[in-house]
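Visitor: 0 is the number of the first residue of the sequence shown in numbering that gives the first Met the number 0; add one for each residue after it.
Beta carbons: idealized from backbone N, C-alpha and C, even for Gly.
I'd like to ask you about the structure that follows.
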Amino acid sequence: MSDTVNSLLEPGMLVRNPSADDWGLGQVQSNINGKITVNFEHIGKVTLVGSQVNLAQVFDKT
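Following this line, the structure appears as structure tokens:
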């Protein structure tokens with residue numbers, strides 16, 4: 000995903016960080032001005048810069 004696709008993420012969407020798979024499944028909390036706040040299963044709430052991370056949207060939690 001590129002920063003452009005990250006900009007389409009909305010609160011409630013499920014994502015994973017492929018470069019940190021051990022973080023687990025995350026739920027987008029906010030996406031404001033390129034800063035994406037996600038609550039991950041294993042590390043909690045993290046704010047990421049969309050241009051520096053490629054989040055993958057999850058459509059099936061299994």
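If you measure between the beta carbons of Val14 and Val27, is that distance less than 8 Å?
Guide: If you number the sequence shown from 1, residue 14 lands on position 15. If you number the sequence shown from 1, residue 27 lands on position 28. Against a cut-off of 8 Å, the Cβ pair of Val27 and Val14 comes out as a contact.
Visitor: Tell me Gly43's beta-bridge partners as DSSP assigns them.
Guide: As a first step, residue 43 must be located in the sequence shown, where it is residue number 44. Its beta-bridge partners are Phe39.
Visitor: Restricting to Cα atoms, I'd like to know which of Glu40, Asn32 and Val57 is closest to Asp21.
Guide: Position 22 of the sequence shown, counted from the first residue, corresponds to residue 21. Nearest option by C-alpha distance: Glu40.
Visitor: From the DSSP output, in three-state form, read off Gly25 for me.
Guide: Walking along the sequence shown from the start, residue 25 turns up at place 26. Here Gly25 sits in strand by DSSP.
Visitor: Given this structure, state the Cα-to-Cα distance separating Leu8 from Ala19, to the nearest angstrom.
Guide: On the sequence shown, position 9 is the one that residue 8 refers to. On the sequence shown, position 20 is the one that residue 19 refers to. Answer to the nearest angstrom: the Cα atoms are 18 Å apart.
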